[in-house]
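According to our numbering, the sequence shown holds residues 1014 to 1076 in order.
C-beta atoms are modelled at their ideal positions from N, C-alpha and C, and glycine is treated no differently.
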Amino acid sequence: MKFHVNSDCIGCGLCANTCPEVFSMTDAGTAVAAPGDVDGLDESAAKEAMQGCPVSAIESVTE
Ligand code: SF4
């Protein structure tokens, strides 16, 4: 599964705290997701981050 942060992100930092393996904060103050495929424990944590995002800015792509 791949993850993507859209432009609704308000930069709260929650996803980067919940799953730093996938999400990180940019200098612009918003989050980005690592471009690669995520699986295993990282996928579980990334899904948790996705569900926890207050503005639902994280999208997942199943390939
Ligand atoms: S949890 Fe949502 S709003 Fe907060 S930094 Fe991550 S993508 Fe942005």
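Let's test the definition: count the other Cβ atoms within 10 Å of the Cβ of residue i and tell me whether it reaches 16, buried, or not, exposed.
| i | result |
| --- | --- |
| residue 1074 | exposed |
| residue 1071 | buried |
Just curious, the alpha helix (DSSP H) that residue i is in, first and last residue?
| i | result |
| --- | --- |
| residue 1029 | 1027 to 1031 |
Quick check on the DSSP output: the beta strand (DSSP E) that includes residue i runs from which residue to which?
| i | result |
| --- | --- |
| residue 1072 | 1071 to 1074 |
| residue 1047 | Element bounds for residue 1047: n/a, residue is neither H nor E. |
| residue 1018 | 1015 to 1018 |
Quick one: what does DSSP say residue i is sitting in, helix, strand or coil?
| i | result |
| --- | --- |
| residue 1038 | strand |
| residue 1062 | helix |
| residue 1053 | helix |
Would you tell me roughly how many angstroms separate the C-alpha atoms of residue i and residue j, rounded to the nearest one?
| i | j | result |
| --- | --- | --- |
| residue 1056 | residue 1029 | 14 Å |
| residue 1065 | residue 1045 | 15 Å |
| residue 1015 | residue 1052 | 9 Å |
| residue 1050 | residue 1063 | 15 Å |
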